[in-house]
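Novice: Here the sequence shown stands for residues 35 to 607, numbered as in our numbering. Backbone N, C-alpha and C fix where the C-beta goes; we use that ideal spot for every residue, glycine too.
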Amino acid sequence: MAYRAPVEDFTFLLDHVVGFGRVTQNEIHAEAGGEMAAAILGEAGRMCEEVLSPLQRVGDTDPARLENGRVICPKGFGDGYRAIAEGGWIGMSAPVEYGGMGLPMALTTAVNEMMSGACLALQLNPLMTQGQIEALEHHASDEIKALYLPKLISGDWCGTMNLTEPNAGSDVGALRSTATDSGDGTFAVSGQKIFISWADNDFSENVCHLVLARLPGSPAGSKGISLFMVPKLIPDENGNPGEANSLRVVSLEHKMGLHGSPTAVMQYEGAKGWMIGAPNEGLKAMFTMMNNARLGVGVQGIGAGEGAYQKALAYARERVQGRPLIENATGTIIDHADVRRMLLSMRAKLFAARAIALSCAIATDMARATGSDDWRARAALLTPIAKAYGTDTGCEVASEAIQVHGGMGYIEETGVAQYLRDVRVTAIYEGTNGIQAMDLVGRKMMDGGEAACRLLEEIEKRAEAARATLPAMSGALWAAAETMREGVEWLVGQGDFNDRFAGAVPFLRAFALVLGADAHLQAAQAAGPQSPRAHFARFFINRLLPEHAALLARAKAGAAGLYAISAEELAGL
């Protein structure tokens, strides 16, 4: 089965649900709507279907490998990467003055999802570069920008980020890598980093590593971390790749999935680096890249889920088994009630997650275009939800796709199990989904819940406006939004942050269900009460949205019960 890019879904969402028109009303993006947006999505969709999709299985069966210190990528990945780079898809939202297109993040988000659905292992490469571009744009010196940004935007050079160390996972403040001043404007960077996605390849001219390290005498913890650009090949006086830097790929990880994407252990031994940003403010610069990547990873989850859904749907329409209990049955398993339930659930969740991700991207676009603090707060609020719900949805949909296949789903030759193996890590990297939820109930609620309540009030107003045409769905959504608002008020009233953290994951999921229901209701209004989109909306609102009440009850349970059982009792001792 060939992947089909969901261009129609993106066009519908942009035109009727997520408010893309607000973005194109701003001068900086005035030409990005209408025919241009349609042309961009259509061309990207064709590339994904014709060039990237055939590489999906190749990356799994012919994985990246390390030979004599060189990374050898799967066959065809070089050609696929060049199609991405030459099409300008890496620098879609990058600054025009350095060769980017300057397009809205909403369009970049749509294209990134389609690339993820076609071949997630390869798409991870340009996603890392996009994050590095944004970090350099905001924090690097003019000299660094002039040298690196054009190369990264064109795709001639690739970018990575190096945070994790063997002793420091999510606790980045515990890292031990060091950087010493060489006295000539550069620094000697030493240390080991692990889990470095696309740390090397055999198709780009250079690989540019952003590395977190400590200066001598820097403060302990996260306040003493600086950021350095450490290229694989040191640029010469003309800006071309020159002599090899003192760094190497030690090994490649043997992973559950994403076999086409080399994930490396990296060793730096006095490697030449240039500081990005101010001393001891490396996390500030790196978080620019990470926030970009968090939305991008959420989209990876949705894309992989879309690919899995399409494969499951195709199988359900051709697999003949059993006797469906409906009239005019085709004889295939798509007529069985439980299979139909799974497929509807998959499609409805993907639409909701896609809408949330696009809404987050649009909030980012509006913040940049207007400078509005309210839009910045909206983007910040939606980022952990987009990341966590997008990747959870990808994992759930990929698992259900295996279930639709029955026993054949457990057989690797069908290719459906690859989607689950590939997507599973998205719920872990760029901050686990538990950390995303803690960020939502912690840092993102430091405003007393104002940004969250503003969003919920907008949802209630849209639900009220839909009562005349879609009374049952609008009433259910209004009640859920009101319950969610009460949940926010309860949350910000908790002085003990551990009580917040104990219920953070169900709280985020409940919020995502309300946001998803809002998107489905808007889709039903735009398409008409008897349209297929309205039927998907009824499924989501009637069957999935009610889970929000139970989720909020779990969110309010507090932390005490989690510690009533000791570690020894958990072990059964």
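Based on the DSSP output, what are the partners of GLU101 in its beta bridges?
Specialist: DSSP output for GLU101 lists ARG104 as bridge partner(s).
Novice: Given a cut-off of 8 Å on the beta-carbon distance, is the pair PHE545 and ILE367 in contact?
Specialist: No, they are not a contact pair.
Novice: Within its chain, find whatever has a CB closer than 7 Å to the CB of ILE336; leave out the 5 residues flanking it on each side and keep chain order.
Specialist: Around ILE336: GLU147, LEU384, ALA387, ARG388, ALA391, GLY424, THR427, GLY428.
Novice: Within this structure, are the beta carbons of ALA594 and VAL548 separated by less than 8 Å?
Specialist: Cβ distance not < 8 Å, so ALA594 and VAL548 don't count as in contact.
Novice: Assess contact between the region 446-458 and the region 501-510, defined as three or more Cβ pairs (one per stretch) separated by less than 8 Å. Is contact present?
Specialist: Judged by Cβ distances under 8 Å, the region 446-458 makes no contact with the region 501-510, as fewer than three pairs qualify.
Novice: Whole-angstrom Cβ separation of ARG286 and ALA278, contact assumed at under 8 Å?
Specialist: Looking at the sequence itself, residue 286 is Leu, so the reference to Arg does not match. Not a contact, Cβ separation roughly 19 Å.
Novice: In three-state terms, what does DSSP make of PHE46?
Specialist: PHE46: helix per DSSP, three-state reduction.
Novice: Helix, strand or coil for ARG33 per DSSP?
Specialist: Since the first residue of the chain shown is 35 and the last is 607, residue 33 is not available in this structure.
Novice: What's the call for HIS63, buried or exposed, on a 16-neighbour Cβ count within 10 Å?
Specialist: Its Cβ being crowded by 16 or more others within 10 Å, HIS63 is buried.
Novice: Can you tell me whether DSSP reads GLN470 as helix, strand or coil?
Specialist: GLN470 falls in the helix class under three-state DSSP.
Novice: Give me the Cβ distance between ALA208 and ALA222, rounded to the nearest whole Å; I'm assuming they're in contact under 8 Å.
Specialist: Actually they do not touch by this definition, with Cβ atoms about 22 Å apart.
Novice: Might you give, ordered along the chain, the residues of its own chain that have their beta carbon closer than 8 Å to the beta carbon of LEU555, omitting 5 neighbours on each side?
Specialist: Around LEU555: ARG496, ALA497, ALA500, LEU504, MET507, SER508, LEU511, ALA571, ILE575.
Novice: Which whole-angstrom value is the C-beta distance of LEU246 and SER211, which I expect to be below 8 Å?
Specialist: Yes, they are in contact, since the Cβ atoms of LEU246 and SER211 sit about 7 Å apart, within 8 Å.
Novice: With distances taken Cα to Cα, identify the nearest neighbour of LEU578 among HIS439, TRP308, SER379, ARG519.
Specialist: Cα-wise, what sits closest to LEU578 is SER379.
Novice: Rounded to the nearest angstrom, how far is the Cβ of GLU464 from that of MET300, given a contact under 8 Å?
Specialist: 18 Å between Cβ atoms; not a contact.
Novice: Report yes or no: do three or more beta-carbon pairs, one from the region 88-106 and one from the region 150-167, lie closer than 8 Å?
Specialist: With a cut-off of 8 Å, the region 150-167 and the region 88-106 count as touching, because enough Cβ pairs lie within range.
Novice: I'd like the list of long-range same chain contacts for SER252, defined as Cβ closer than 6 Å, with 5 residues on each side in sequence excluded.
Specialist: So the list reads GLY258, ASN314, once near-sequence residues are dropped.
Novice: Using only CA atoms, which one of ASP94, HIS173, ASP234 lies nearest to GLY103?
Specialist: When only C-alpha atoms are compared, the closest one is ASP234.
Novice: So, are the CB atoms of GLY133 and GLY125 less than 8 Å apart?
Specialist: The answer is yes: Cβ separation under 8 Å.
Novice: What are the partner residues of THR366, as DSSP defines its beta bridges?
Specialist: Note: THR366 sits in a beta bridge opposite VAL354.
Novice: Report all residues from its chain with a CB closer than 6 Å to the CB of MET292; omit the five preceding and five following residues, and keep chain order.
Specialist: Here the sequence assigns Leu to residue 292, which means Met is not the residue at that position. Cβ neighbours of LEU292 beyond the five flanking positions: ALA155, ASP456.
Novice: Between the C-alpha atoms of ALA551 and ILE396, what's the straight-line distance to the nearest angstrom?
Specialist: Those two C-alpha atoms are separated by around 18 Å.
Novice: On the DSSP bridge list, what partners appear for TYR302?
Specialist: Paired residue(s): GLY225, LEU281.
Novice: Among all the DSSP beta bridges, which residues are the ones paired with PHE262?
Specialist: Its beta-bridge partners are VAL245, MET309.
Novice: CA-CA distance, TRP308 and PRO269?
Specialist: Roughly 12 Å separates the two Cα atoms.
Novice: Candidates ALA371, ALA538, ASP473, GLN166: which alpha carbon is nearest GLY330's?
Specialist: For GLY330, the nearest C-alpha among the options comes from GLN166.
Novice: Which of helix, strand or coil does DSSP assign to ASN196?
Specialist: Residue state, collapsed to three classes: strand.
Novice: Who are the Cβ neighbours of ALA560 in its own chain at under 6 Å, not counting the five residues just before and after it?
Specialist: Taken in chain order, the residues that qualify are HIS50.
Novice: Under a CB-based cut-off of 8 Å, is GLY483 close to chain B?
Specialist: Structure shown: chain B not included; a single protein chain is present.
Novice: Going by DSSP in three states, GLU315 sits in which element: helix, strand or coil?
Specialist: GLU315: strand per DSSP, three-state reduction.
Novice: Can you give me the Cβ contacts of LYS478 inside the same chain, cut-off strictly under 8 Å, excluding the 5 residues immediately before and after it?
Specialist: Same-chain partners within the cutoff: ALA414, LEU415, PRO418, ALA485, ALA486.
Novice: For the beta strand (DSSP E) containing ASP215, name the first residue and the last one.
Specialist: Segment 212-215, the beta strand (DSSP E) holding ASP215.
Novice: Grouping DSSP H, G and I as helix and E and B as strand, with all else coil, what is ALA587?
Specialist: The answer is helix: DSSP assigns ALA587 an H, G or I state.
Novice: First and last residue of the alpha helix (DSSP H) that includes PRO184?
Specialist: Run containing PRO184: 176-188, per the alpha helix (DSSP H) assignment.
Novice: Suppose you measure from the CA of ARG357 to the CA of ARG351; what does that come to, to the nearest Å?
Specialist: Rounded to the nearest angstrom, the two C-alpha atoms are 14 Å apart.
Novice: Identify, in the order they occur along the chain, each residue of the same chain with its Cβ nearer than 8 Å to the Cβ of PHE237, setting aside the five sequence neighbours on each side.
Specialist: Result list for PHE237: CYS107, PHE111, GLY112, TYR115, ARG116, in chain order.
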